[in-house]
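In the UniProt record's numbering, the protein residues as written are 1 to 755.
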């Protein structure tokens, strides 16, 4: 916008109260355009930004410090936790909002004073504007009340009506637009109130009549305050909403809090100051002497005005507004409050038999619904690629392997010479990071449906060459076969790659017998191209669809493995839990820890299983859950065979059905994944190695879905001890449809910030 063509009125030509007398050119062309009033000098935006930013930073720091126990950081954003402190969180959020509203009201009052001065050619510093705003408490109060009312109305429509009643929300937005257009001229009362030229009632009456005060088209192209103000509100609102939407499309990263905070402050502040400029110019065109009595003489500017920046336009104010954005990025990265921090993403499902493992570029999530579906998807931070089917729906395991790859092992059905015989084979595959990256590439464009189906068929399973580890023959009834879905209950497999070379544990029994074989393959290299096998015969009834039927941990010597084996069969003659210890030389032992939990089992509670880890002392730690009992029993063994040890019963904070999950980090203290009494996905962070006491670390709220039964729960650690979780629930706040029942989290710190 161009400035007025005539020079400013000389200071000597003033009214009795010191206001400059307008020339004929001023009356014809008016003061500078609204955009130039607002952004032609740094002072208006600085006058608004500095107090608002100062209050926002102080209030946010106080709120975060006071509410750290009920907040988390998800994808770089502050997320309230679902817990019993809802009233505390509500009060804290309300006080923060009140502080921001008052700061906004004070800042916009100061900015309006600068704009009033600029409309008459004055040079008013931001400091003098702040002094003037402090002397106008009623103007600040009026701005605060109006701003709070508008904020509540808009927030109610966008956060309540639109998500719950979309049609009613759209209708409310349309009604709000009509109200803005009709009442727009009333905003011209604001400069009159700030200038103290009229009381509020008289200012509103004058503003409503201002639409009939015709001004020269060369001075006011819109010809109407209603059109000028409504256009400014709607256009700046659309631009702000568009920029916010574009910011939401950015991938999650360290820049997320910076961009999010910047987009919430800068466009809104620019729109507020521009709107104030429109109202000030609209009044200046229609009423002589509206300007404030000069706080600063234009002939003898104060030192503050002399020191004020004269160039750069709004850039100085924008720089001030970006300070909270940069500070937010630093604080989210440093996390001085030690609140849980993580990257989270939604996936269509995480079935009951699931595992999660780190690899070079992120995580791999295995999700199995026994006998129905088996697939793997790769994730990184807050994004996951679509799931790829495995070649077999039978039990499968994954684990991190050397050089950032993934080692997988799957049971395969092999058809026999007739319809009553067959064989199950266990095969392992090493997938290198390069192979995984190529495997994760999207399909080429332009393919036909048949070509897409062929590509997906060839892409099934983990990339890499398969190697057969062993197998077992089986005989079937006439109505059954080796391809029956129920065969998945005959098998199990687990991998531990925490040592120098992996170890693979498997269990299998023929369909006609409960005489099973537990096999341990001690790999000779990270890719398991060769291995030495030790077998142990056991009586084993049923493995179910649970990935925790069998688990394995490698002892520090690299030659001894400990297997925990759970039996889902409820008959009295079956052993619910065994701990098997075997060496690569063929030696083995079997122990049966006391797994009896007092009390009657719950109906429809089918989640059970066991997991084993090696503690900081190099000895096994076994976690077990009895079918039908939510209590978790932790065995801390005093020798590798687990013949003796201590027992700790962990009463989970809720009865939600989920498999037992266990991880032990470099501190030697266990981590257990649960869904707690507030229906939040949480970690039980044990305070000591025996887990005699725990700290609950809530991460994200869970909501019920049509598909998620809450049984799928996988937990592991990356190379830096940061927990990785895959859970069969939809997280609170997810924008996905209700049938999506999976959540993948990658914690940003060890124990997800529990320490």
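The C-beta atom is built at its ideal place from N, Cα and C for all residues, glycine as well.
When DSSP reads this structure, residue 613 sits in a beta bridge with 621.
Runs of the beta strand (DSSP E) lying entirely within the region 317-349 and spanning at least 3 residues, in chain order: 341-347. Residue 103 and residue 52 have their C-alpha atoms some 5 Å from each other.
Counting only residues of its own chain and dropping the five nearest sequence neighbours on each side, residue 381 has a CB closer than 6 Å to the CB of 252, 343. Scanning its chain for C-beta atoms nearer than 6 Å, with the 5 sequence neighbours on each side dropped, one finds around residue 534 the residues 520, 582, 586, in chain order. It is roughly 21 Å from the alpha-carbon of residue 556 to the alpha-carbon of residue 646.
Within the region 114-155, no beta strand (DSSP E) run of at least 3 residues lies entirely inside it. Contact between the region 339-359 and the region 67-76 is established, with three or more Cβ pairs separated by less than 8 Å.
Runs of beta strand (DSSP E) with 3 or more residues, each lying fully within the region 656-732, are found at 662-664, 670-675, 680-686, 694-703, 713-717, 723-727, listed in chain order. Counted as a single uninterrupted DSSP element, the beta strand (DSSP E) harbouring residue 647 occupies residues 645-650.
Contact between residue 92 and residue 67 holds, since their C-beta atoms are separated by about 5 Å, short of 8 Å. In the DSSP assignment, residue 642 forms no beta bridge with any residue. Membership of residue 411 in the beta strand (DSSP E) is indicated by the continuous run 406-415. Note that the region 466-475 does not touch the region 356-373; fewer than 3 beta-carbon pairs, one per stretch, sit closer than 8 Å. Boundaries of the beta strand (DSSP E) around residue 533: 531-539.
Non-local C-beta neighbours of residue 391 in its own chain, meaning closer than 6 Å and more than five positions away in sequence, comprise 460, 461, ordered along the chain. Annotation for residue 168: 161 place their beta carbon closer than 8 Å to its own, counting only its chain and skipping 5 residues before and after.
By the C-beta criterion, the region 384-403 is judged to be in contact with the region 350-364, since at least 3 inter-stretch pairs fall below 8 Å. With contact defined as three or more Cβ pairs closer than 8 Å, the region 673-684 and the region 312-320 are not in contact. Taking 4 residues as the minimum length, the alpha helix (DSSP H) runs contained wholly in the region 237-295 are 256-284, in order along the chain. For residue 110, the CB contacts under 8 Å within the same chain, skipping 5 residues up- and downstream, are 47, 48, 51, 126, 129, 130, 132, 133 in chain order. With distances taken between CA atoms, residue 258 lies nearest to 333 out of 208, 273, 333.
Here residue 537 has 515, 517 as same chain residues with Cβ atoms under 7 Å from its own Cβ, once five neighbours each way along the sequence are excluded. Annotated three-state conformation of residue 359 is strand, per DSSP. The continuous beta strand (DSSP E) containing residue 475 extends over residues 466-475.
For residue 165, there is no enclosing alpha helix (DSSP H), as DSSP marks it with neither H nor E. With respect to the 9 Å criterion, residue 743 and residue 719 are not classified as neighbours on the basis of their beta carbons.
Partner residues in a beta bridge of residue 568, as assigned by DSSP, do not exist. For residue 551, there is no enclosing alpha helix (DSSP H); the residue is part of the beta strand (DSSP E) that begins and ends at 550-554.
Rounded to the nearest whole angstrom, the C-alpha separation of residue 463 and residue 529 is 15 Å. Annotation: residue 42 is outside any beta strand (DSSP E) and is labelled neither H nor E by DSSP. Using a Cβ distance threshold of 9 Å, residue 611 and residue 661 count as a contacting pair. For residue 577, the three-state secondary structure derived from DSSP is strand. The C-beta distance from residue 508 to residue 472 rounds to 4 Å, short enough to fall under 8 Å. It is roughly 19 Å from the alpha-carbon of residue 180 to the alpha-carbon of residue 200.
A distance of 9 Å or more separates the beta carbons of residue 741 and residue 376.
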